[in-house]
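Here is the structure we will look at, set down as structure tokens.
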Amino acid sequence: MGQTATNDIQITLPDGASREYAAGVTGFEIAESISKSLAKAALAIRVNGELSDLSLPITGDASVAIVTRKDEDALELIRHDAAHVLAEAVQNLFPGTQVTIGPTIENGFYYDFARNEPFSTEDFEAIEKEMRKIVERGAAFEREVWDRDEAIKYFKDKGEAYKAELIEDLPETEEIKIYRQGEWLDLCRGPHMPSVKQVGTAFKLLKVAGAYWRGDSDKAMLTRIYGTAWRDDKELKAYLHQLEEAEKRDHRKLGQEMDLFHFQQEAQGSVFWHPKGFTIYNQMEGYIRRRLQDAGYKEIKTPQLIDNKLWEKSGHWGKYRENMFVVPDEVPNTEEDGPVVSDKAFEKLMALKPMNCPAHVQVFNQGIKSYRDLPLRLAEFGCCHRNEAHGALHGLMRVRQFTQDDAHIFCREDQITEEAVAFCELLQNVYRDLGFEDVAVALSLRPEMRVGSDELWDKAEEGLREALQQTGLEFREDPGEGAFYGPKIDYQIRDAIGRTWQCGTLQLDFNLPERLDANYIGQDGEKHRPVMLHRAILGSLERFIGVMIENYAGKLPLWLAPTQCVVATITETADGYAEEVYEALKEAGIRVELDTRNEKINYKVREHSVGKVPALFVVGEREAQEGSVAIRRLGSKKQHVEKLERAIEELAAEAKPPF
RNA sequence: GCCGGUUUAGCACAGUGGUAGUGCAGUCGAUUUGUAAUCGAAAGGUCGGGAGUUCGAAUCUCUCAACCGGCACCA
């Protein structure tokens, strides 16, 4: 493109129109040249895709878009500015508090502060009030570039050690940018809106939490204040409502309300499954078992307690033993006051298995395997124990004892792709059956530190990539994110309220077959190393059930519902008929309960609805005479009457598991 | 593991130094009811564990634990 004689530049607008401006024109000037109202509404500008300050000069040809409150981009700006306002408010109210960093996050922002006295949510009212004052005052954001050493000195003198450290660690080439809002200023990359006024009023502080400086558990613990900010009060209200809704589907709450399971402190992090919860568990396990059988897997069961020598050999002892439960292998002392075990006991230790793979290799290693035996797919509902940090435990989502829908595929290098394809298809079918349509896939490639030759990695990565392409799955590639022992594919499902969960995984392992000396006899009569694929679809049965409960807000599909149907009577004159209905449903394989209590039908309907029973068969004198039932389904306020036989047929058909 | 919060009847919660309360559930009694809570009665507690301060502690202090919100961790 030829430049015009003067220093003019070409600015392309989102509608494709192109205009000429003098070089150094600012975003604000561009907005103003388009319309006064746009200039007034403008918050920032996108220059060649990059969000930038309105006040910055544009020096070359660019395509730009003025950002106003109507744009999604505004959220990012509002939240970032709100974080600055929060920091100023906190420093106004609590002198001596140091500021550190305050980025935007999904749905909001946070700011980390260093202060001897931690904040409490009781301080929120005062902080928010101060924030509103600052916004109301509406100081303009002013961008300045400072000399590095001066900036460091300034923050050090001010007692802001963290900010000084941040500047010291910035690359030499980086400008030291300072944003001023009235009296207050902060080191910041930007961009910001023209003034704090534009933060608006639709923000709210949500919670305080501890957070390590620079995310490093060896460094100081800071106090983090989380907030949310939106373009208007309506958006804020909607978000707060969404938070409340998410709280209502919390699987821990529903688990108690629906009498599915409990935890108690004598077995922290391990589930006590109640009859209803275990019904769900068994249905899930049965479903996966049928799927695996159909896909050519052989199910096995391996020991819970294994000598640490095997874990030493597999490498787990060296790497993960701090998370393993270790048991001395000795008959305990029966003397009441004596030590439970002698010191000698520690000569032999057993460990509860934290994973199944070494045990599966032991099964593979029995007898001589021929290339004709491959691929060998060994599956186990493997119960594993991991000594998770106390603070990590979270309902069913993070437990110390869990059951994986685990399997290991032993195959030849040339079988990687077809096995990966088959797995991707199996996984997609399972997720679809369980109600998850939206799956995000990531292919993690070789890290710096790794075992195995580059040729092997080339082959493996290409094998997985090709498999994903063949299955037609969209995927993202993450270079450097693979495990040291091989590349992997991670699958993330999205639930009904938009949260994502990483459940499925397919990991290639070049390490373990080597360490545990797995081999097979090839066509050439020589010994070869098999490739090992670790794979799981649900991941942990416990966790996946938690995800299912939250995804369905407790209203599980019929085949998983612990109680599928309740037969409820209107008065005791129908008791005899209700009993017949109940028996017939049981006969048809429906998990059914009979409710002949002396209660009003309103009471029964409410109770079973709250209990999330999917189908309610109400019988009174009328139904007894007609041989029918009045059906009321969960979530509906209406009911319809049907002949008993037909009603059972329909319910039984619907109650059939998807596979 | 770290920071903060919480812990009172089966569940949800009130009670800030002076005899432990409410609602629901459960039990008993009455009611026989047509699609989201019928009425009444009696009963139910080592106030998370331990130690301390005090004439006196659910309440104040210390300590341990569990849980909750984050952080760190997640083979």
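Each residue of the first sequence is one higher than the last, beginning at 690 in this note's numbering. Beta carbons: idealized from backbone N, C-alpha and C, even for Gly. Predicted model only: the values in this text are computed from it and were never measured.
- Note that the C-beta distance between residue 1042 and residue 995 is below 8 Å.
- The residues 984, in chain order, have a CB closer than 7 Å to that of residue 1111 in the same chain once the five nearest residues on each side in sequence are set aside.
- Judged by beta-carbon spacing, residue 1016 lies beyond the 8 Å limit of residue 1202, meaning their Cβ atoms are not closer than that value.
- CA-to-CA, the gap between residue 835 and residue 845 works out to about 15 Å.
- If you draw a 10 Å sphere on the C-beta of residue 707, you find fewer than 16 other C-beta atoms in it, and that means exposed.
- Beyond the five residues adjoining it in sequence on each side, residue 1337 comes within less than 8 Å, by CB distance, of 1273, 1274, 1277, 1279 in the same chain, given in chain order.
- If you draw a straight line from the Cα of residue 1248 to the Cα of residue 1241, it comes to about 13 Å.
- The beta carbon of residue 1060 lies closer than 8 Å to those of 1101, 1209, 1210, 1211, 1212, 1217 in the same chain, with the five residues before and after it left out.
- Judged by their CB atoms, residue 798 and residue 776 are not nearer to each other than the 8 Å cut-off.
- The C-beta of residue 932 has fewer than 16 other C-beta atoms within 10 Å across all chains shown, which makes the residue exposed.
- Relative to residue 1154, the option among 816, 981, 1130 whose CA is nearest is 1130.
- Judged by beta-carbon spacing, residue 1232 lies within the 8 Å limit of residue 1086, meaning their Cβ atoms are closer than that value.
- Exclusion of the five residues before and after residue 977 leaves 1094 as the residues of its chain whose Cβ lies within less than 6 Å of its Cβ.
- Residue 876 and residue 760 have their C-alpha atoms spaced approximately 26 Å apart.
- Residue 995: member of the beta strand (DSSP E) spanning 994 to 996, first to last residue.
- Taking the C-beta atoms as reference points, residue 1175 is found no nearer than 8 Å to residue 1134.
- Cβ neighbours of residue 829 within its own chain (closer than 7 Å, five residues either side excluded): 883, 884.
- Taking C-alpha positions only, residue 733 is separated from residue 726 by approximately 14 Å.
- Bounds of the alpha helix (DSSP H) holding residue 973 are 964 to 983.
- Here the alpha carbons of residue 963 and residue 809 stand approximately 38 Å from one another.
- Per DSSP, residue 1254 is one residue of the beta strand (DSSP E) stretching across 1254 to 1258.
- Apart from the 5 residues on each side of it in sequence, residue 944 sits with its Cβ closer than 6 Å to the Cβ of 950 in its chain, given in chain order.
- Between residue 1254 and residue 1313, the C-beta spacing is not below 8 Å.
- Relative to residue 957, the option among 1267, 1023, 1078, 1287 whose CA is nearest is 1078.
- The alpha-carbon of residue 1287 is positioned some 7 Å away from that of residue 1261.
- For residue 933, the enclosing alpha helix (DSSP H) begins and ends at 922 to 937.
- Inclusion of residue 764 and residue 1002 in the CB contact set at 8 Å is not warranted, their separation being larger than that value.
- Annotation for residue 1052: 989, 991, 1067 place their beta carbon closer than 8 Å to its own, counting only its chain and skipping 5 residues before and after.
- Rounded to whole angstroms, the Cβ separation of residue 1243 and residue 947 is 6 Å, and the two are in contact under 8 Å.
- Rounded to whole angstroms, the separation of the alpha carbons of residue 811 and residue 1307 is 51 Å.
- Residue 712 carries a coil assignment under DSSP once its states are collapsed to helix, strand and coil.
- In terms of CA proximity to residue 712, 745 leads the group 1139, 745, 1013.
- In the structure shown, residue 758 adopts coil according to DSSP, grouped into three states.
- For residue 897, the enclosing beta strand (DSSP E) begins and ends at 892 to 901.
- One Cα belongs to residue 1122, the other to residue 1347, and the distance between them is close to 6 Å.
- Put simply, the backbone Cα of residue 1151 is about 42 Å away from that of residue 1343.
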